[in-house]
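Have a look at the structure below, then the notes.
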Amino acid sequence: GIQVEQSPPDLILQEGANSTLRCNFSDSVNNLQWFHQNPWGQLINLFYIPSGTKQNGRLSATTVATERYSLLYISSSQTTDSGVYFCAGRPTSGYSTLTFGKGTMLLVSP
Amino acid sequence: EAQVTQNPRYLITVTGKKLTVTCSQNMNHEYMSWYRQDPGLGLRQIYYSMNVEVTDKGDVPEGYKVSRKEKRNFPLILESPSPNQTSLYFCASSSGTEAFFGQGTRLTVV
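Going down the list, the protein sequences come from chains A and B.
So that you can map any letter, position 11 of the first sequence is 105 in my numbering, and since no number is skipped, the others follow by simple counting.
So that you can map any letter, position 4 of the second sequence is 1170 in my numbering, and since no number is skipped, the others follow by simple counting.
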């Protein structure tokens, strides 16, 4: 199966700071997604982004499928952004497991 | 509202006592799957289903059963739970592209 590497593993920010999270895939993927796991454990869909760039408020994401990576940008971070951010994707051949990275744990302090 | 609903949200049980975690989706998705999340191991797929009566093993199927008798439901069955099945479980559904996750079920087996 594919390998998904996320960086950095941990990140501490002051409120108002910007950050970039990265996701690298070992092989071509379809259905690339970014999730936020909140402190209650819920997985929240942030972006479905197999290629290109999308923006949603203070968050945006870019996927460069040909180079097998995706970036998640958080601008003007808030304490409610704290939690774990996961990226996940499926191999391009057929339907298969949605493989997750290990996540980036983000703590935004006031 | 489009959603994936899992029940129960929290469950404490004893070793060997059969249990079922239910999962239902209202999006008419063909694909459904179960994941478990453990510290340091991330999210791993247990079983998935590509349509009614079609199921297949994921990465960690041992000790679990599933069934897909109706398109909207995909229950996870633990016939004889053991303490190593203590985990956070997620059900997901997809039309083949973006996946949507339930709220999670926190299971403790004592």
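The beta-carbon is built from N, C-alpha and C at its ideal position, and this holds for glycine as well.
Pull up the CB-CB distance for residue i and residue j, whole angstroms please, since I reckon it's below 8 Å.
i: Leu1209 (chain B); j: Phe194 (chain A); result: 4 Å
i: Val1170 (chain B); j: Cys1189 (chain B); result: 7 Å
i: Pro1249 (chain B); j: Val1226 (chain B); result: The pair is not a contact, with the Cβ atoms about 15 Å apart (cut-off 8 Å).
Mind checking residue i: buried by the 16 CB within 10 Å criterion, or exposed?
i: Gly151 (chain A); result: exposed
i: Ile106 (chain A); result: exposed
i: Arg1175 (chain B); result: exposed
i: Asp175 (chain A); result: buried
i: Pro1247 (chain B); result: buried
i: Val1217 (chain B); result: According to the sequence as given, residue 1217 (chain B) is Asn; it is not Val. Result: exposed.
i: Asn1192 (chain B); result: exposed
i: Thr173 (chain A); result: exposed
i: Gln100 (chain A); result: buried
i: Val158 (chain A); result: exposed
i: Ala1168 (chain B); result: exposed
i: Ser171 (chain A); result: buried
i: Leu200 (chain A); result: buried
i: Ile1243 (chain B); result: exposed
i: Gly1224 (chain B); result: buried
Nearest to residue i by alpha carbon, out of the options?
i: Thr1297 (chain B); options: B:Ser1259, B:Gln1251, B:Gln1203 and B:Ser1233; result: What is shown of chain B runs 1167 to 1276, which leaves residue 1297 (chain B) out entirely.
i: Ile138 (chain A); options: A:Pro185, A:Cys181 and A:Ser203; result: A:Cys181
i: Leu165 (chain A); options: A:Gly110, A:Trp128 and A:Gln108; result: A:Trp128
i: Gln1269 (chain B); options: B:Ser1259, B:Val1232, B:Glu1228 and B:Pro1205; result: B:Ser1259
i: Tyr142 (chain A); options: A:Gly177, A:Ala111 and A:Gly183; result: A:Gly183
i: Ser203 (chain A); options: A:Pro102, A:Val98, A:Ile96 and A:Asn112; result: A:Asn112
i: Leu1254 (chain B); options: B:Glu1236, B:Glu1264 and B:Gly1206; result: B:Gly1206
Would you say residue i lies against chain E (beta-carbon separation less than 8 Å)?
i: Lys196 (chain A); result: Considering every chain present, this structure includes no chain E. Its protein chains are A and B.
Inset, instruction - Compile a chain-ordered list of the residues in the segment 1255 to 1269 of chain B whose CB is closer than 7 Å to at least one CB of chain A. - result: Phe1256, Gly1262, Thr1263, Glu1264, Ala1265, Phe1266, Phe1267 and Gln1269
Inset, instruction - Quick one: which unbroken beta strand (DSSP E) runs of 3-plus residues sit fully inside the segment 1170 to 1220 of chain B? Chain order, please. - result: 1170 to 1173, 1176 to 1179, 1185 to 1191, 1197 to 1204 and 1208 to 1217
Inset, instruction - Taking a Cβ distance cut-off of 7 Å, strictly less, list which residues of the segment 1184 to 1210 of chain B are near chain A, in chain order. - result: Tyr1197, Gly1208 and Leu1209
Legend entry - Whole runs of the beta strand (DSSP E) within the segment 147 to 191 of chain A, excluding any shorter than 3 residues: 153 to 158, 163 to 168 and 177 to 185
Legend entry - Residues from the segment 108 to 131 of chain A in contact with chain B, defined by Cβ distance under 7 Å: Asn125 and Gln127
Inset, instruction - Identify each residue in the segment 1219 to 1251 of chain B for which the Cβ-Cβ distance to at least one residue of chain A is less than 7 Å, and report them in chain order. - result: Gly1224 and Asp1225
Inset, instruction - Could you name the residues of the segment 134 to 145 of chain A whose beta carbon sits closer than 7 Å to any beta carbon of chain B, in the order they occur along the chain? - result: Gly135, Gln136, Leu137, Asn139 and Tyr142
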